[in-house]
Every structure is written in structure tokens, then in C-alpha cells.
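Chains as they are written, first to last, in my numbering: chain Y, 62 to 297; chain X, 62 to 297.
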């Protein structure tokens with residue numbers, strides 16, 4: 062099975078961090094990353110019953126970009142529908158996760174308890190998924206959302222025991238570099254302009270994020286997108 | 062679907078009671094019964110975000126016998142194997158629950174955080190079930206165990222009806238039309254030439270095929286790919 066990394070962005074409750082660690086231990090996951098401006102609050106240990114070593118070994122990162130740089134693919138949990146983005150159901154997301162080749166490093170990203178994930182955080186993700194719920198309010202508690210997700214992976218993986226391996230995507234930072242270059246080309250072409258920037262940038266991230274770009278994909282995409290402007294550039 | 066009743070026996074943490082209510086609301090369950098010697102601790106309301114009415118309407122019972130008297134069948138959650146008892150997996154239990162006729166009243170019983178269920182409590186149950194877990198310690202937090210159970214019922218029941226509303230890709234012929242237009246643009250740009258035609262055509266089909274292009278994707282892609290050549294075309 063691939064390596065899974067639970068990534069919590071700006072969690073505000075130390076108690077939730079501990080509960081997440083406990084849920085990870087229950088379901089057999091070890092790698093926890095926290096995007097925090099400070100070290101872990103010692104109060105997190107109160108709820109991390111028998112899962113203290115997951116907190117001990119967790120990584121604290123200053124921002125989303127460094128937290129996902131060495132991931133191959135990132136799945137982001139969102140409670141509500143996000144304009145411009147395709148959202149998978151939890152079941153679809155888990156199925157997709159389990160198709161990546163065993164050496165893949167898969168990040169599962171959860172936002173802050175109150176605000177969820179920002180657009181900036183979504184730009185660093187390949188796929189969005191939502192956990193089905195019956196009512197629009199309340200959303201799942203943060204630790205609950207993590208637990209349901211991990212339990213689904215754990216029980217589905219146990220049920221399937223691996224399917225055919227999908228090609229390994231580029232490390233996340235290289236995917237982002239590729240998308241950045243595409244966006245740059247689109248700006249040069251004036252396809253992106255100040256009036257539509259946020260909108261189109263979101264759509265482009267959604268479209269190319271879903272590809273989980275491999276090395277071969279990148280070569281092709283950059284070749285395709287370089288072609289036009291180069292000709293324009295040389296035709297002056 | 063049958064009526065489900067979540068029954069907590071002697072829960073010691075008010076916070077867990079509130080979290081259980083929130084998880085019930087998330088997954089569409091309403092009926093909560095508490096076996097307690099006292100009224101609900103008001104602190105339970107702190108964690109019952111947007112699910113206060115479940116606490117308001119919950120029933121408090123002095124003992125297990127009165128709490129289950131009007132149930133048709135009772136499923137009891139246990140973390141560990143119990144001598145003399147057959148234990149179902151969660152999946153088996155959920156399947157069994159969903160097979161009862163719609164007018165059935167099904168109790169799902171959870172024991173105290175520290176001690177679990179007593180033998181006396183098991184005497185009042187029809188079936189025992191255990192939630193799979195990777196390690197023997199820690200066991201699931203009480204609210205987590207309830208949530209995983211309810212989410213399994215909710216998603217299994219839902220899976221039979223609704224399939225996740227994934228964005229529908231275009232009919233296959235329209236996807237192909239879109240790819241054909243992209244290829245045409247790439248030929249106009251001389252990105253595709255007689256020397257690399259078969260190779261690049263294959264790669265482009267692979268790349269855009271994997272997207273399972275939706276109507277929205279097509280609009281974006283064609284806009285992106287039209288931009289360059291249109292400018293070239295009009296600049297003669």
C-alpha cells in the first residue's frame with residue numbers, strides 16, 4: 062500500500078490533534094504533518110491516548126507549500142461544494158487513492174475547523190473529496206472527518222488487497238511548477254487577464270490537478286504550451 | 062429504513078455525549094437514549110454543535126432493561142472478543158441491520174468509555190459486533206465508535222440508492238470531438254508533424270482521455286487551445 066500522510070492545516074484545537082493521532086493509531090496510519098506557526102501544544106497529548114508517538118514523530122511545517130512538496134498526490138477534504146472544482150465522493154476518492162502504485166506518497170489534507178481550506182490550499186491539491194453527510198449543518202468535527210476517511214481507506218484496502226498500480230505522479234512541487242508554467246503561458250497569451258484571473262486559475266488547477274501529472278505528461282504539456290508563444294515570439 | 066436508536070450506557074464524558082449527538086446529526090440519526098443516574102450534564106451541549114435538539118429530545122433511562130424494552134433488536138458494540146459470544150464484524154452487522162423490515166426498531170448499544178459493556182448489558186443484546194482496528198490499543202474513542210458505526214449504516218444504505226453525483230463526462234463521441242479539435246490545433250501550430258504524428262496523437266489521447274472530459278472541461282480546453290492560433294490567424 063502507498064504511504065499516507067495526514068496533513069492538518071492550521072488546526073486550532075489541540076484536543077482535535079490528539080484525537081486525530083488516536084484515530085490514526087486505530088486504523089494503522091503513522092505519518093502526521095501539521096501546518097502550524099508554533100510547536101504542538103502539549104495539551105494535544107491528553108486526547109492522544111496510546112498514540113503519543115504519532116505526535117512525537119509528527120512534522121510541523123510553516124506553510125502548505127513545504128508540507129506537500131514531497132508528496133506525489135494530494136487529496137483535500139472539503140465540506141462544501143467549491144466553485145470551479147470537481148469534488149469526488151469519499152468512496153470515489155478512496156478507490157482512486159488505492160490505485161496509485163505502492164511507492165506513491167499520498168497526502169490527505171484537512172483544513173481549519175472553522176474555515177476549512179482556502180483557495181491557496183486547494184491549489185496545492187490534486188483532488189477534492191467530500192464525506193457524505195445528511196444535513197448541511199453541522200459539518201463533521203475535524204477529528205471525525207479524518208477518522209471516517211482513514212477508516213474507509215483501512216477497511217477498503219483490507220477488502221481489496223491492491224489493484225493494478227497507476228503510474229506514479231511527479232512529486233507535488235514539480236506538478237505545481239508545471240501548472241505554474243501553463244498559467245504563465247496563458248497569461249502571455251492574454252487568455253488570463255486581471256478580470257478572470259482567480260476564476261480561470263481555479264479551473265486550470267482543477268483540470269490539471271485531476272491529471273496527477275506524471276513526468277511524461279509534463280513533457281507533453283510543456284511542449285504543447287510552449288509551442289504557441291514561441292512562434293509568436295519569433296514572428297516579430 | 063428501520064428506526065435506529067443510539068443507546069449509550071453509563072457514558073462518563075459529557076463531551077462525548079455531545080460529540081455523539083453531532084455525529085448523529087451528520088449521518089441522519091435522531092434517537093438518542095442515555096442510561097444515566099442523572100439528567101444530562103449541560104456541558105454536553107458544548108460539543109453538540111448544531112445538534113442540540115438531539116440532546117433535548119434524548120431519553121434518560123435508569124437501566125439497560127428499560128432502555129431496550131421497546132426495541133425489536135439490539136446490536137452491541139464491543140472492542141474486544143467476548144468469551145461465549147459470537148461477534149460480527151461491523152460490515153456484517155450493518156448488512157444484518159439493513160435487512161430488517163422497515164418498521165423495525167433497532168437499538169445500537171455502546172458501553173462506558175473505560176469498562177465497555179458488562180455481561181448484564183450483553184444479556185440484553187441480540188448481536189455483538191466489533192469495529193475492525195489495526196492495533197489492540199488504544200480502542201476507539203466512544204464518540205468515534207458511534208460515528209464509524211452510524212456512517213457505515215448511512216453510507217451502506219445510501220449506496221443502494223444514490224450513486225455519488227460525479228460530474229458526468231461528455232458522451233464519448235463528444236470527448237473524441239474535443240480531442241480531435243485539440244489535435245487539429247496542434248497540427249496547425251506544427252507541434253504535430255508527419256514525423257511524430259502517431260506518437261504524439263497517442264500521448265494526447267492518453268492525457269486527455271484520462272480527464273474524462275466534461276462539458277465544462279471542454280469549454281475551457283477549447284478556449285485555451287483556440288487562443289493561440291486565432292491570434293496568429295488574425296495577424297496576417
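Ideal Cβ placement from N, Cα and C applies to all residues, glycine included.
Using beta-carbon positions only, say whether residue 138 (chain Y) and residue 190 (chain Y) come within less than 8 angstroms of one another. Taking the first residue of the first chain as 1, we reach residue 138 (chain Y) at position 77. Taking the first residue of the first chain as 1, we reach residue 190 (chain Y) at position 129. Yes, the pair counts as a contact, with Cβ atoms nearer than the cut-off.
Quick one: which residues of the region 180 to 209 of chain Y get their C-beta closer than 7 angstroms to a C-beta of chain X? List them in chain order. 193, 194, 195, 196, 198, 199, 201, 202, 205, 208 and 209
Give a yes or no on whether 8 angstroms exceeds the smallest Cβ distance from residue 252 (chain X) to chain Y. As a working mapping, residue 252 (chain X) is identified with position 191 in the second chain. Interface residue, yes.
What beta strand (DSSP E) runs, 3 residues minimum, are completely inside the region 167 to 254 of chain X? 188 to 191
Kindly indicate if chain Y contains any beta-carbon less than 8 angstroms away from that of residue 115 (chain X). As a first step, residue 115 (chain X) is located in the second chain; it is residue number 54 there, counting from the start. Taking Cβ atoms only, chain Y never reaches closer than 8 angstroms to residue 115 (chain X), which makes this a no.
Who are the Cβ neighbours of residue 72 (chain Y) in its own chain at under 6 angstroms, not counting the five residues just before and after it? Along the first chain, one-based indexing puts residue 72 (chain Y) at 11. Closer than 6 angstroms at Cβ, skipping near neighbours: 78.
Taking the CB atoms as reference points, tell me whether residue 273 (chain Y) and residue 145 (chain Y) lie closer together than 8 angstroms. On the first chain, position 212 is the one that residue 273 (chain Y) refers to. On the first chain, position 84 is the one that residue 145 (chain Y) refers to. Not closer than 8 angstroms, so no.
At a CB distance below 9 angstroms, what residues from the region 164 to 176 of chain Y approach chain X? Give them in sequence order. none
Residue 118 (chain X) and residue 199 (chain Y) closer than 8 angstroms at C-beta: Walking along the second chain from the start, residue 118 (chain X) turns up at place 57. Walking along the first chain from the start, residue 199 (chain Y) turns up at place 138. No, they are not a contact pair.
From this set, X:263, X:235, X:250 and X:259, which residue's C-alpha is nearest residue 277 (chain X)'s C-alpha? Looking up residue 277 (chain X) in the second chain gives position 216. For the residues X:263, X:235, X:250 and X:259, the minimum Cα distance to residue 277 (chain X) belongs to X:235.
Here's the rule: buried if 16 or more other CB atoms are within 10 angstroms of the residue's CB, otherwise exposed. What is residue 240 (chain Y)? By 1-based counting over the first chain, the position of residue 240 (chain Y) is 179. With 16 or more other Cβ atoms within 10 Å, it is buried.
Indicate whether residue 136 (chain X) and residue 115 (chain X) have their beta-carbon atoms separated by less than 8 angstroms. As a position in the second chain, residue 136 (chain X) is number 75, starting the count at 1. As a position in the second chain, residue 115 (chain X) is number 54, starting the count at 1. Contact flag unset, no.
Against residue 216 (chain X), what residues of chain Y qualify as contacts under a CB-to-CB distance less than 7 angstroms, listed in chain order? The count along the second chain starts at 1 and reaches residue 216 (chain X) at position 155. Going along chain Y in sequence order, the residues near residue 216 (chain X) (Cβ under 7 angstroms) are 193.
In whole angstroms, what is the alpha-carbon distance linking residue 257 (chain Y) and residue 282 (chain X)? The residue you call residue 257 (chain Y) lines up with position 196 of the first chain. The residue you call residue 282 (chain X) lines up with position 221 of the second chain. Going by the C-alpha atoms only, they are around 15 angstroms apart.
Using the DSSP secondary-structure output, state which residues sit across from residue 92 (chain Y) in a beta bridge. Walking along the first chain from the start, residue 92 (chain Y) turns up at place 31. Y:66.
Spatial neighbours of residue 154 (chain X) within its chain, please: C-beta separation below 7 angstroms, excluding the five flanking residues on both sides. Here residue 154 (chain X) refers to the residue found at position 93 of the second chain. Contacts found: 136, 188 and 190.
Would you tell me roughly how many angstroms separate the C-alpha atoms of residue 225 (chain X) and residue 269 (chain X), rounded to the nearest one? Here residue 225 (chain X) corresponds to residue number 164 of the second chain, with the count starting at 1. Here residue 269 (chain X) corresponds to residue number 208 of the second chain, with the count starting at 1. Note on residue 225 (chain X): pLDDT 38, under 50, position unreliable in the model; the coordinate value appears next. Distance between the alpha carbons of residue 225 (chain X) and residue 269 (chain X) is about 23 angstroms.
Ends of the alpha helix (DSSP H) at residue 106 (chain X)? Along the second chain, read from residue 1 onward, the residue named residue 106 (chain X) stands at position 45. Its alpha helix (DSSP H) spans residues 105 to 108.
I'd like to check one pair, residue 231 (chain Y) with residue 166 (chain Y): are the Cβ atoms closer than 8 angstroms? The residue labelled residue 166 (chain Y) in the question sits at position 105 within the first chain. The residue labelled residue 231 (chain Y) in the question sits at position 170 within the first chain. In this structure, residue 231 (chain Y) does not lie closer than 8 angstroms to residue 166 (chain Y) by Cβ.
Do residue 209 (chain Y) and residue 215 (chain Y) have their CB atoms nearer than 8 angstroms? Indexing the first chain from 1 puts residue 209 (chain Y) at position 148. Indexing the first chain from 1 puts residue 215 (chain Y) at position 154. No, the Cβ-Cβ distance between residue 209 (chain Y) and residue 215 (chain Y) is not below 8 angstroms.
Candidates Y:249, Y:143 and Y:196: which alpha carbon is nearest residue 286 (chain Y)'s? Along the first chain, one-based indexing puts residue 286 (chain Y) at 225. Nearest of Y:249, Y:143 and Y:196 to residue 286 (chain Y), Cα basis: Y:249.
Distance between beta carbons of residue 140 (chain X) and residue 177 (chain X), contact taken as under 8 angstroms: As a working mapping, residue 177 (chain X) is identified with position 116 in the second chain. As a working mapping, residue 140 (chain X) is identified with position 79 in the second chain. That belief holds up - the Cβ atoms of residue 177 (chain X) and residue 140 (chain X) are roughly 6 angstroms apart, short of 8 angstroms.
Measuring only between beta-carbons, confirm whether residue 285 (chain X) sits less than 8 angstroms from chain Y. Taking the first residue of the second chain as 1, we reach residue 285 (chain X) at position 224. Closer than 8 angstroms: yes.
Which residue wins for smallest C-alpha separation from residue 233 (chain X), given the options X:133, X:275, X:152 and X:80? As a first step, residue 233 (chain X) is located in the second chain; it is residue number 172 there, counting from the start. The residue with the shortest Cα to Cα distance from residue 233 (chain X) is X:275.
Is the beta carbon of residue 129 (chain Y) less than 8 angstroms from the beta carbon of residue 95 (chain Y)? In the first chain, the residue the question calls residue 129 (chain Y) occupies position 68. In the first chain, the residue the question calls residue 95 (chain Y) occupies position 34. No, the pair does not count as a contact, with Cβ atoms beyond the cut-off.
How would you label residue 185 (chain Y), buried or exposed, when you count the other beta carbons within 10 angstroms and need 16 or more for buried? Along the first chain, one-based indexing puts residue 185 (chain Y) at 124. It counts as buried.
For residue 98 (chain Y), name the three-state secondary structure that DSSP assigns. Taking the first residue of the first chain as 1, we reach residue 98 (chain Y) at position 37. It is coil, neither helix nor strand.
Chain-ordered chain Y contacts of residue 102 (chain X) [CB-CB under 7 angstroms]: In the second chain, counting from the first residue as 1, residue 102 (chain X) sits at position 41. Result: empty, since nearest Cβ-Cβ is about 18 angstroms, beyond 7 angstroms.
Of the listed residues X:157, X:217, X:104 and X:110, nearest to residue 151 (chain Y) (C-alpha basis): Working through the first chain from its first residue, we reach residue 151 (chain Y) at position 90. When only C-alpha atoms are compared, the closest one is X:217.
In chain Y, which residues lie less than 8 angstroms from residue 87 (chain X) when you measure between Cβ atoms? Here residue 87 (chain X) refers to the residue found at position 26 when the second chain is read from its first residue. What residue 87 (chain X) touches in chain Y: 194, 195, 196, 199, 200, 201 and 205.
Is it buried or exposed, residue 67 (chain X), if we count other Cβ atoms within 10 angstroms and call 16 or more buried? On the second chain, position 6 is the one that residue 67 (chain X) refers to. Result: buried.
Taking 8 angstroms as the threshold (beta carbon to beta carbon), is residue 32 (chain Y) in contact with chain X? Because chain Y is modelled from 62 through 297, residue 32 (chain Y) falls outside the range shown and cannot be assessed.
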